[in-house]
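Participant: Chains as they are written, first to last, in my numbering: chain W, 117 to 534; chain B, 117 to 534.
(1) Within a Cβ cutoff of 6 Å, which residues of the same chain sit near residue 201 of chain B, ignoring the five residues on either side of it in sequence?
(2) Residues in the region 384–407 of chain W with C-beta within 9 Å of chain B's C-beta atoms, listed in sequence order?
(3) Comparing the C-beta of residue 220 of chain B with each C-beta of chain W, is any distance below 9 Å?
(4) Can you have a look at residue 407 of chain W and say buried or exposed, based on whether 16 or more other CB atoms are within 10 angstroms of its CB?
(5) Is residue 315 of chain W close to chain B, meaning its C-beta is less than 9 Å from at least one C-beta of that chain?
(6) Could you name each continuous beta strand (DSSP E) segment of 3 residues or more that falls completely within the region 186–270 of chain W, going from the start of the chain to the end?
(7) Along chain W, in chain order, which residues have C-beta atoms closer than 9 Å to that of residue 233 of chain B?
(8) In terms of residues, what are the limits of the alpha helix (DSSP H) holding residue 128 of chain W?
(9) Check the Cβ-Cβ distances between residue 527 of chain B and every residue of chain W, and say whether any is below 9 Å.
(10) Where DSSP assigns a beta bridge to residue 404 of chain W, which residues make up the other side?
(11) Once you ignore the five residues that flank residue 352 of chain W on each side, which residues in its own chain have a CB closer than 7 Å to its CB?
(12) For a contact meaning CB atoms closer than 7 Å, what does residue 319 of chain W contact in chain B?
(13) Would you check if the region 257–265 of chain W and the region 232–241 of chain W touch, i.e. whether three or more CB-CB distances between them fall below 8 Å?
(14) Would you tell me roughly how many angstroms separate the C-alpha atoms of residue 243 of chain W and residue 350 of chain W, rounded to the nearest one?
(15) Residue 424 of chain B: which of B:378, B:369, B:476 sits nearest, CA to CA?
(16) Verify the CB distance criterion: does residue 342 of chain W have a CB-CB separation below 9 Å to chain B?
(17) Let's see if you can read the secondary structure: which residues bound the beta strand (DSSP E) around residue 502 of chain W?
(18) Taking C-alpha atoms, which residue in W:227, W:208, W:288 lies nearest to residue 257 of chain W?
(19) Starting from the C-beta of residue 523 of chain B, find all residues in its chain whose C-beta is less than 6 Å away, skip the five residues before and the five after it, and write them out in chain order.
(20) Give me the DSSP bridge partner(s) of residue 524 of chain B.
(21) According to DSSP, is residue 165 of chain W helix, strand or coil?
(22) Using a C-beta cutoff of 9 Å, does residue 521 of chain B count as contacting chain W?
(23) Could you spell out the range, first to last residue, of the alpha helix (DSSP H) harbouring residue 357 of chain W?
(24) By the DSSP assignment, the beta strand (DSSP E) with residue 514 of chain B in it spans what residues?
(25) Spatial neighbours of residue 188 of chain B within its chain, please: CB distance less than 8 Å, with the 5 preceding and 5 following residues excluded, ordered by chain position.
(26) Who are the near neighbours of residue 119 of chain W in its chain, counting only those whose CB is closer than 7 Å to its CB and skipping five residues on each side?
(27) If we define contact as Cβ-Cβ less than 9 Å, is residue 142 of chain W a contact residue for chain B?
(28) I need the DSSP call for residue 443 of chain W, collapsed to helix, strand or coil.
(29) Could you tell me which residues DSSP pairs with residue 419 of chain W in its beta bridges?
(30) Taking residue 320 of chain W as the reference, which of W:311, W:314, W:312, W:331 has the closest Cα?
(31) Report the neighbours of residue 481 of chain W on chain B: residues whose CB is nearer than 7 Å to its CB, in chain order.
(32) Consult DSSP for residue 288 of chain B and reduce its assignment to one of helix, strand or coil.
(33) Quick one: Cα of residue 249 of chain W to Cα of residue 198 of chain B, how far?
(34) Considering only C-alpha positions, which residue in the set W:452, W:410, W:465, W:134 is nearest to residue 132 of chain B?
(35) Within its chain, find whatever has a CB closer than 6 Å to the CB of residue 271 of chain B; leave out the 5 residues flanking it on each side and keep chain order.
(36) Within this structure, are the beta carbons of residue 487 of chain W and residue 433 of chain W separated by less than 9 Å?
Printed below as a string of structure tokens:
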């Protein structure tokens, strides 16, 4: 069968299953997720045996130790997937919630009912645990899911999907509710992105190259997140010890993630007091500082920042530092170089806090807190299927609610339109 | 300048204006809308003079009377735009609303703040009043708008935009907040659909051909509505007089609109009682009935329905009628032929009402009410910029709220992530 037809068939099956999944009760969905947790443990040998095929091929191909580590379904990774399934089972079910119900002058009662989106298409790279984590969130929100993982993890992804499908079948649910596309070249992605009749939403997770490819080739709406270039602005009357703590935490607690701090902006009135002190702490923590001329004058350890350091996602122990004249210059810098991910101000002034919150265009805007809090778990969403830095449908960390939408419902008593 | 560069320049200007519009206070936005209402009346002669150029060209091209009527900016149409502006000024401002604020275990307070989308791209066909109606809704929701109307209305659209821009300038707001693209060929639409860096959302309004073209060529999210194929299902224990009233209203009150009724499904247990009576009333109202064999047996006036009559948007005094075995067959028919616009059940049975509301996948699902209520005004949204029949971001009638999104805001007191 031609690739296009294979993908069309898979997508059609997943869409049929979606109608059943949309109408499952919360009880059945939770029982299913707990059965999947048990299933992963019961079938651990099989899963690890299939995973070993991917690992062997990866070693042969000369994958780096870090990549092999991401690929491995160790006992610890399987335990984490099991815990994840149980946590999602424990989350409240967003489907069916009714809101904004009001009686209209015509007599009808109108409101909104939360419903599943339908079929979610996940496109991801190396980590096979995404197969289980994404399936759990999609199913809990009443959606079916079509998964396309990386080529290096194909055996692992197919094995995980097989176990999940066994659990679906045991609950009399169409196993096509969770499917892995067994073809891993880019062509398969391209075909998938044309299935607008079956797939309601595409969520890509991976490097910027993959995400741009998906965004540019999709006829289906895409929730995307290119990168996180997070700024902290230390205002003139910031509490400087608090500011140093937030900057240190943002940059060093986990530098390789998208909510880590990449650029520090400092009000010129406190630069002299603040920069030497925080600079010493950063350097002691192994951070390389790339500063503007004023920063360099105050911090001899700093290198000179190049033009491309502003707006750079270092994902490493590197921090760009710039002295600015005031709040307006800080917000203009963020508007120019930010990535609409997370921005924070450290300030003691009420009016500045409120202006920053209102005017900065980012999916998360904070006052006196570390950018590292920008995360579905920290926000209380329970679990996170990704972070959106585009504004349509969802903006910021996406939990179960972002995998649903609302329809209008009307309760009438025979009303007609005059 | 090449067309591509013209559109890029316009889009860039609109994006710059959007940052200013996003931060306007409600007071300023309302004053602006009222000034625009006054401006349209004060500049009526100029607007009608420019409109006359379009009408003359239209007459020369041999446009139909109906098309010329849609194109004309008569006193009545201008009054309606003025009223529309005043109504939008009176609506509550969705921007800045904070919801879901909660304290997290880390100590931070997290919530969501409603914000504008940024730049809305409207693509529409003949009616020049869309220029004003769309601009009003976009501006009130804090957005800038880039408009591309039909070629036959270009002078009218440019004149209306000029008047709106004069009002923007008088309020010290960047006039680029409302811009009409002065090029009307398809190439201009294609260029516009590539400006993902500047335009946040595309809303096409027009025929299915235009909308499909936009959906297939856009890199920007599109809120689209292809067609409205609305069904009514008369259940076994429906109150038959109520059912007849709702069917008559759905089909005949305004047959040319997307929420008009196109297909009637009747439970076989009441077909004999219901169809002859409602059939007579429909025929008396000038409706042509295209029925399944059972319908034809009960209603000799009915023509035989062809396969393509199921799922057809007649937009005319034609109704497809089918007798079904039960609720499940009715819902299966709707799942196969519906357009995710509006579906209604007429029933006396509680459990059937609840199942229909929950299980039918459409942007509006009703019990015992006419499909004609599916409308932003009737739902209390104030005014409507369109109806979305795709599920991402908005599903159903779209008002001001659907022209906004939410960002996360965090109030901290120096918290860091452990």
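Backbone N, C-alpha and C fix where the C-beta goes; we use that ideal spot for every residue, glycine too.
Facilitator: In terms of the structure at hand:
(1) Excluding residues within five positions, the ones whose Cβ falls inside 6 Å are 149, 152, 153, 252.
(2) When C-beta distances to chain B are compared with 9 Å, every residue of the region 384–407 of chain W stays at or above that value.
(3) yes
(4) buried
(5) no
(6) 214–219, 225–232, 235–240, 260–264
(7) 507, 508
(8) 119–138
(9) yes
(10) DSSP, once it has assigned bridges, lists W:434 as partnering residue 404 of chain W.
(11) Counting only residues of its own chain and dropping the five nearest sequence neighbours on each side, residue 352 of chain W has a CB closer than 7 Å to the CB of 383, 385, 386.
(12) Simply none; closest approach about 12 Å.
(13) The count of Cβ pairs closer than 8 Å, one atom from the region 232–241 of chain W and one from the region 257–265 of chain W, reaches three, so the stretches are in contact.
(14) Going by the C-alpha atoms only, they are around 37 Å apart.
(15) B:378
(16) no
(17) 502–504
(18) Looking only at W:227, W:208, W:288, the smallest Cα-Cα distance to residue 257 of chain W is reached by W:208.
(19) 229, 231
(20) W:480, B:228
(21) helix
(22) At least one beta carbon of chain W lies nearer than 9 Å to the beta carbon of residue 521 of chain B.
(23) 356–368
(24) For residue 514 of chain B, the enclosing beta strand (DSSP E) begins and ends at 512–514.
(25) 167, 171
(26) 299, 303, 304, 307
(27) no
(28) helix
(29) W:406
(30) W:331
(31) 523, 525
(32) coil
(33) 53 Å
(34) W:452
(35) Taken in chain order, the residues that qualify are 166, 169, 170.
(36) no
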